[in-house]
Each structure stands twice: as C-alpha cells, then as structure tokens.
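**Q**
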Amino acid sequence: MTIFQALLIALLGYLGSIYGTFLFGTVGGWNLIGRPIVAGAVIGFIMGDVRNGIIIGAAIQALYVGLVTPGMSVPGDVNFASYIGIPLALASGASAEYAVAISVPLSLLGVAAIYSVATFNAVFVHLQERWIAEGKLKQAARIPIYSNISEFIVRFIPIFAACYFGAEFVPKLIALIPESLADIFQVLGGILPAVGFGLLIKYTLKSNRQLLYLLIGFIMIAVLHMPIVAVTIVALFIAFIDYQITSGRNAD
Amino acid sequence: MAKLEKKDIRKCYVNWMTFALGCQNMERMMAPAFARMMGLVVDKLYDKKEDKIKCMQRHTQFFNTEEAMGAIIPGVILGMEEKRAEGEDIPDELIQSTKTALMGPFAGIGDSLIGGTLRPILCSIAMGLAAGGNLAGPAFYCVAWLGIIIPLTWILFSRGYKFGINATDMVFAGGRKDAITRGANLIGLIVVGAISAQYVTANTGWAYVSGDMEITLQGILDSILPCLLPLLLTLLAWYLLDKKGMKIGKVFVVFIVIAVAASLTGLLII
C-alpha cells in the first residue's frame, strides 16, 4: 500500500469513528462512512478494488448489524474492524472470512480506544468550565472542536500504522497494552459517571429527604430493570400525586 | 420581540448534530457540546457579560442522550433560554430539570428506534443489495440513511424549539410556575437515580474460598441490593461535592485514586 493510500484511509477512519466529529457528527461519520458496508466501498475505491471491498465490508457488517451503543456500554467497535480489517484483507488478497476473524480482536481494541478517549476528554470538560468562569466564552464554545484531537490521535495513528506497516503489526499493537492498565481504565470508566451524577444531584436536591426520590428511580432500574420510558411515566405519576397533596386538593 | 432568528436556530441545529459526541467524556458526557451550542447564541441573548457566563455555566452539567432523537432537547432548551433572556422569570432549576427529565427517555427511544431498528434494517437491505460486490448496496444505505435522518433530526430540533417557547408561555400564563418547577425537580431526581444505576458500573472481585466453597462479596451485595456499589459511589461523589464542598477537580482525583487502588487490589473488576 502506498503512503498516500494509508494516509487517506486513516483520515477517513478517524472521520468515521464514533467520536470523529467533522462529518456532521454521527450523521455522516459513525453512522455513514463508519458502517462496514460503506467503508468497504470507500476503501475499495481507494485501493482500486471496489467489488472485493464491498464483499468484505458486507461480511463484517453481517457480524455487527445489530450493534447498538447505548450510553457508554460498548459491546464492540466496528471502526478498527473496518478501517484496519478491510485494507489488510484487500492488500493481502485474503478472504472475507479472514477479515471477519481479525475484526473481533480489532473491535475489542476499538472499545479500549473509546474508553481511553472518553476518560481523557474529562480534561477538556474542566478546561471549558475554567474558560467560561474566566469569561473566555468564544474559546469555551470551541472546546468540542479542540477536544477531537484525542479521537484523532487514537484513530488516525493506529489505522495508518496498521495499513502502512502491514499485517504483522496488528497483533503486536494489541499485545502492547499492559492488561493491568487496560483494567484500570475500564474500572475508572465505570465509576467516573458517578461524579457527573453527584454534581447533578447537588444542584437538584432541595433537602436530604429528597434522596428518597433518587432511590426510587435507582431501584426501578437496578432491581426492577424497567425501561427508562416506563421509569419516566412512574416519575410523572409521583410528581402528579405530589402536586395533588401539596396543592391541598382532593384526588380527582 | 424574538431575539433569535431562523438562521440562529439552523446554526444551533447544525452545531448540535456535528459536535454532540465531539467531546464525549465519562464525567459529563455530551455537556461540552450543549455548552458550545449555547455559546454560539449567548451574545444575541444577553448584553451583560455575567449573564452570558451564567447562561453557559447552566449547560456544563451532565447531559447524555441519543443525539438524533434527542435533538429535540437542545431545541426545547433553546426556546426556554430565549424566553428567559426576554425577561421571563424562569428558574435555573426548571431548565436543568427539563434537560434531566427528557434526556433519559429520548436516549431510550433513540437507541431502540435509530440504533436498534432503523440502522439495522437499512444495513440488512444494503447487505442484500451488495451481494457479489454490487455498489447498489452501499449506495442505497447512504441515500436512505441521509434521506431519513437529516429531515427527522431537523424537524425534532425546530419543533422542540417552538415547543420550548410555547410551553414556557403556557406555564407562566397559568401561574403554575412553582408547581411545575417542583414537579420537574422530582421527576429529574427520580430519573437521575435511574440513569446512575444504568451508567455507573462497579463490581467487586473479592471472594472467600475454602475448599469447594466460594463466597463472593458481589453475590452478597447483590442479595442486599443490586447495583449497591454504583449507588454508594454516586452518593459518595454527591457527599464530597455538596456536603464537603469539594471542588470537582479534587473529586475527580479521588475517583482516579479509587480506580487505581481498587483495580490493582482486585476490589473492583470489570
């Protein structure tokens, strides 16, 4: 593969990643050129073999067709699977099955990338807050532009290196991450949302007794596993009853 | 007189869709994108610098939804913020509670309708058309996806904006501000409790092993209350922030220390 092809694929891989922001967000990125079937056509075009690109892309797509990424619970990440798996399979003349096989460890690597970026990006949150407090509002508004550098680094460099230096590079890259470090990141990623919720509670809570409302919401998910829409309907009902009581009316 | 023109609304929509996940982070999720959107119109809404700062600060709080169906929320909030800037006495907490109450349901609806239904259906059709490497497959997906998602998100956002304005008028005309604020507050609290059970994950790996017998701490905790550790961690964060008056940066460091120590000792596992 030429260096130009590798650079182009790496750039598109970054733009089509979940937090790659510059193709109208997920509309043109993650959900469009980020889909393996579209990526297959695009990579095939760059490498001069559209037909096989689409065949391999469709095979990877089949594996991930039902993949939903609600909140931060990410079961797999198609980005590396597409933008590393498809070019390597095309370059080596390998079958679609080979691309599907390596797409599994690649998608796990992609999940590690998602967690590291989302954990690191908290730095930008604090920077934005500081700039707002200092009155630098224009810069503060530009934070989501600047912060995309973390996603760029985590996507562009591995994809470029894997495409350019070839197939033996990928297993080495996966082995490069020490397991304990990956564990720490995942644990941190799991408990960090608590800080955001803690802050939200601080601003919503009027008295300590109101923690009971919080607990009711918590139990509806943790114990009863209710869908969030149902939780909201119950919450509406509770608010309605509260209104009836506090306004001193009889229930109608 | 309305402070925002049609082109401001369009600008806010484009920027919301573009940057919703641009600074996605574990701590406040989509909050930086929300603050950015308000930052684009804050000069039109307020004259005084401190009002502008306060307006943006309101939107640095935790916010997460599904960005396409959830596009209605920044629309609604934009309408409310405009009314507030025009002099309506809308309390901060009503704006915050509205965001909190809406983000969960629309995340649920969006994840199941967009990620769980629309996208898989379009992908399946595209895969069928792509048999043998036919370009019709990917081409169909691109046209169908863009043709559905762009009008859908724009309608949600712009209708949300109009709704935000009308709903505000309705609430204030009826003199029901306090009741509505209190109600939105309660709903907000219940939803925060619910989504913290959903988003915060912490499982302990500690176990007592004796011969064939193994008692796991997680098993015991689950029999008391499932997700007890996430609940305690959330309350710990709130306690440090509210009762101890700690700065957010410090709490952040506390949680990093907890993660490193707990992960290395096996107290918390993934």
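Protein chains in written order, with the working numbering: chain L, 1005 to 1256; chain X, 330 to 599. The beta-carbon is built from N, C-alpha and C at its ideal position, and this holds for glycine as well.
Please list the terminal residues of the continuous alpha helix (DSSP H) segment that includes X/Thr314.
**A** Residue numbering for chain X in the displayed model covers 330 to 599; residue 314 of chain X lies beyond these limits and cannot be assessed.
**Q** Going by C-alpha distance, which of L/Gln1065, L/Tyr1119, L/Ile1153 and L/Asn1125 is nearest X/Leu451?
**A** Looking up residue 451 of chain X in the second sequence gives position 122. Checking every option, the nearest Cα to that of X/Leu451 belongs to L/Gln1065.
**Q** Helix, strand or coil for X/Ser552, going by three-state DSSP, please let me know.
**A** In the second sequence, counting from the first residue as 1, residue 552 of chain X sits at position 223. Three-state result, X/Ser552: helix.
**Q** Applying the criterion that 16 or more other CB atoms from any shown protein chain within 10 Å of the CB defines a buried residue, is L/Asp1081 buried or exposed?
**A** Here residue 1081 of chain L corresponds to residue number 77 of the first sequence, with the count starting at 1. L/Asp1081 is buried by the Cβ-count criterion.
**Q** Helix, strand or coil: which one does DSSP assign to X/Met542?
**A** Your numbering for residue 542 of chain X matches position 213 in the second sequence. Strand at X/Met542.
**Q** State the Cα-Cα distance for the pair X/Ile519 and X/Ile402, rounded to the nearest angstrom.
**A** The sequence position of residue 519 of chain X within the second sequence is 190, counting from 1. The sequence position of residue 402 of chain X within the second sequence is 73, counting from 1. Those two C-alpha atoms are separated by around 18 Å.
**Q** Measuring only the C-alpha atoms, how far is X/Leu431 from L/Glu1101?
**A** Your numbering for residue 431 of chain X matches position 102 in the second sequence. Your numbering for residue 1101 of chain L matches position 97 in the first sequence. Each residue's alpha carbon lies about 43 Å from the other.
**Q** Any idea if L/Thr1030 is buried or exposed, counting beta-carbon neighbours within 10 angstroms, 16 or more meaning buried?
**A** As a first step, residue 1030 of chain L must be located in the first sequence, where it is residue number 26. The residue in question, L/Thr1030, is buried, as its Cβ has 16 or more Cβ neighbours within 10 Å.
**Q** Measure the alpha-carbon distance for X/Leu458 versus L/Phe1026 and round it to whole angstroms.
**A** By one-based count along the second sequence, residue 458 of chain X stands at place 129. By one-based count along the first sequence, residue 1026 of chain L stands at place 22. When rounded, the distance between both Cα atoms is 29 Å.
**Q** Could you tell me whether the Cβ atoms of L/Gln1009 and L/Ile1058 are closer together than 8 Å?
**A** Taking the first sequence and counting its residues from 1, the one referred to as residue 1009 of chain L is at position 5. Taking the first sequence and counting its residues from 1, the one referred to as residue 1058 of chain L is at position 54. No, the pair does not count as a contact, with Cβ atoms beyond the cut-off.
**Q** Quick one: what's got a C-beta closer than 7 Å to X/Val529's C-beta in the same chain, skipping five residues either side?
**A** In the second sequence, counting from the first residue as 1, residue 529 of chain X sits at position 200. Hits under 7 Å: Pro559, Leu562 and Thr563.
**Q** Can you find a C-beta in chain X that's less than 8 Å from the C-beta of L/Pro1109?
**A** Counting from 1 along the first sequence, the entry for residue 1109 of chain L is found at position 105. By this cut-off, L/Pro1109 is not an interface position.
**Q** Using a Cβ-Cβ cut-off of less than 7 Å, list which residues of the segment 442 to 460 of chain X approach chain L; keep chain order.
**A** If the cut-off is 7 Å between Cβ atoms, the segment 442 to 460 of chain X has Gly444, Gly445, Arg448, Pro449, Cys452, Ser453, Ala455, Met456 and Ala459 near chain L.
**Q** To the nearest angstrom, how far is it from the Cα of L/Pro1074 to the Cα of X/Cys471?
**A** Counting from 1 along the first sequence, the entry for residue 1074 of chain L is found at position 70. Counting from 1 along the second sequence, the entry for residue 471 of chain X is found at position 142. Because L/Pro1074 sits at a pLDDT of 47, beneath the cut-off of 50, its placement in the model cannot be relied upon, and the following sentence gives the value as read from the coordinates. Looking at the two C-alpha atoms, the distance is approximately 22 Å.
**Q** So what does X/Ile598 bridge to, in DSSP terms?
**A** Your numbering for residue 598 of chain X matches position 269 in the second sequence. Note: X/Ile598 sits in a beta bridge opposite X/Asn532.
**Q** So the alpha helix (DSSP H) L/Ala1250 belongs to, where does it begin and stop?
**A** Along the first sequence, read from residue 1 onward, the residue named residue 1250 of chain L stands at position 246. Before going further, note that residue 1250 of chain L is Thr rather than Ala in the sequence given. Per DSSP, L/Thr1250 belongs to the alpha helix (DSSP H) from Ile1232 to Thr1250.
**Q** Along the segment 1113 to 1135 of chain L, what residues have a CB closer than 7 Å to any CB found in chain X?
**A** For the segment 1113 to 1135 of chain L, which is checked against every Cβ of chain X, the residues closer than 7 Å are Ala1122, Thr1123, Asn1125, Ala1126, Phe1128, Val1129, His1130, Gln1132 and Glu1133.
**Q** Counting only Cβ pairs nearer than 8 Å, list the residues of chain L close to X/Phe348.
**A** Here residue 348 of chain X corresponds to residue number 19 of the second sequence, with the count starting at 1. Chain L residues near X/Phe348: Thr1025, Gly1029, Pro1148 and Ile1149.
**Q** With DSSP run on the structure shown, which of helix, strand or coil describes L/Tyr1168?
**A** As a working note, residue 1168 of chain L is residue 164 in the first sequence. Correct three-state label for L/Tyr1168: helix.
**Q** So, is the C-beta of L/Tyr1018 closer than 8 Å to a C-beta in chain X?
**A** Working through the first sequence from its first residue, we reach residue 1018 of chain L at position 14. False, the Cβ-Cβ gap to chain X never drops below 8 Å.
**Q** So, for L/Ser1077: in the same chain, excluding its five sequence neighbours on each side, which residues have a beta-carbon less than 8 Å away from its beta-carbon?
**A** Position 73 of the first sequence, counting from 1, holds the residue named residue 1077 of chain L. Any reading at L/Ser1077 must be qualified, since the residue scores a pLDDT of 47, below 50, and its modelled position is unreliable; the value itself is stated next. Closer than 8 Å at Cβ, skipping near neighbours: no residue.
**Q** Note down, in chain order, every chain L residue with its Cβ under 7 Å from the Cβ of X/Tyr375.
**A** In the second sequence, residue 375 of chain X corresponds to position 46, counting from 1. Correct list: empty, because the minimum Cβ distance to chain L is about 10 Å.
**Q** Rounded to the nearest angstrom, how far is the Cβ of X/Ala360 from that of X/Thr389, given a contact under 8 Å?
**A** Within the second sequence, residue 360 of chain X is the residue found at index 31, counting from 1. Within the second sequence, residue 389 of chain X is the residue found at index 60, counting from 1. That pair is a contact at about 5 Å.
**Q** Report the rounded CA-to-CA distance for X/Met456 versus L/Gly1048, giving the unit in angstroms.
**A** By 1-based counting over the second sequence, the position of residue 456 of chain X is 127. By 1-based counting over the first sequence, the position of residue 1048 of chain L is 44. Roughly 16 Å between the two C-alpha positions.
**Q** Please go through the same chain and pick out, in chain order, the residues whose beta-carbon is closer than 6 Å to the beta-carbon of L/Phe1084, but skip the five residues on each side of it.
**A** Working through the first sequence from its first residue, we reach residue 1084 of chain L at position 80. Cβ within range, chain order: Leu1110, Leu1113 and Gly1114.
**Q** Which of the three DSSP states, helix, strand or coil, is assigned to X/Phe392?
**A** Taking the second sequence and counting its residues from 1, one reaches residue 392 of chain X at position 63. Reduced to three states, the DSSP call for X/Phe392 is strand.
**Q** Below 7 Å on C-beta distance, what does X/Trp567 contact in chain L?
**A** Reading the second sequence from its first residue, position 238 is the one you call residue 567 of chain X. By Cβ distance, chain L contributes Gly1202, Ile1205 and Lys1206.
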